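Novice: Here our numbering is used: the first residue of the sequence shown is 101, the next is one more, and so on.
Cβ coordinates follow ideal geometry from the N, Cα and C atoms, glycine included.
Every value quoted in this text rests on a predicted model; they were computed, and no experiment measured them.
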Amino acid sequence: MSVTLLNSHQDIIAVVMGDLTLSTLDSVLPVFIDISQDAKQDVTLDLSSVAVIDAAAIGLIIALNQRLVSSGRALTLLCPPGQPRGLLSLVGLDSQVKMIETYAPGPAVH
């Protein structure tokens with residue numbers, strides 16, 4: 101499990117690699133806290149390399165969205181068809197957070 105942060109002119113892109121479950125949340129939680137507190141841009145959470153998520157991951161995504169919205173920013177989930185998207189839709193998160201299947205970013209600044 102890893103998270104790589106990329107900055108575009110439009111938003112911060114958090115690329116998550118590996119399963120996002122209760123057993124892996126400790127490795128991503130500090131990154132999610134940092135981007136929710138420090139960044140001034142909107143956030144895109146790239147889940148395209150995540151094969152499995154669980155209820156704990158959904159809770160974390162909901163908390164990240166709430167923190168961003170409370171500071172006037174938005175969360176977008178890059179989530180192609182598969183288990184993560186299906187579960188996120190099942191719990192209704194797709195009605196609260198913008199979900200996309202592909203991303204066309206501006207120039208990345210690492």
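1) Which residues in the same chain as glutamine 220 place their Cβ atom closer than 6 Å to its Cβ, once the five residues preceding and following it in sequence are excluded?
2) Quick check: what's the CA-CA separation for leucine 147 versus methionine 117?
3) Taking the alpha-carbon positions, what's the valine 103 to serine 127 distance?
4) Can you grab the Cα-Cα spacing for the pair isoleucine 135 / leucine 187, in whole Å?
5) Nearest-angstrom Cα distance between methionine 101 and alanine 157?
6) Can you tell me where the beta strand (DSSP E) with aspartate 163 in it begins and where it stops?
7) Which two residues bound the contiguous alpha helix (DSSP H) that contains valine 131?
Specialist: Taking the structure as given:
1) Only positions 101 to 210 of the chain appear in the structure, and residue 220 is not among them; the question remains open.
2) Here residue 147 corresponds to residue number 47 of the sequence shown, with the count starting at 1. Here residue 117 corresponds to residue number 17 of the sequence shown, with the count starting at 1. So the alpha carbons of these two residues sit roughly 7 Å apart.
3) Against the sequence shown, residue 103 aligns to sequence position 3. Against the sequence shown, residue 127 aligns to sequence position 27. Going by the C-alpha atoms only, they are around 8 Å apart.
4) Mapped onto the sequence shown, residue 135 falls at position 35. Mapped onto the sequence shown, residue 187 falls at position 87. A direct Cα-Cα distance of roughly 24 Å separates isoleucine 135 from leucine 187.
5) Numbered from 1 along the sequence shown, position 1 holds the residue referred to as residue 101. Numbered from 1 along the sequence shown, position 57 holds the residue referred to as residue 157. The alpha-carbon atoms of methionine 101 and alanine 157 are separated by roughly 13 Å.
6) Along the sequence shown, one-based indexing puts residue 163 at 63. The question names aspartate, but residue 163 in the sequence shown is alanine. Boundaries around alanine 163 are those of the alpha helix (DSSP H), 155-170, since no beta strand (DSSP E) includes it.
7) In the sequence shown, the residue the question calls residue 131 occupies position 31. DSSP places valine 131 in the uninterrupted alpha helix (DSSP H) bounded by 125-137.
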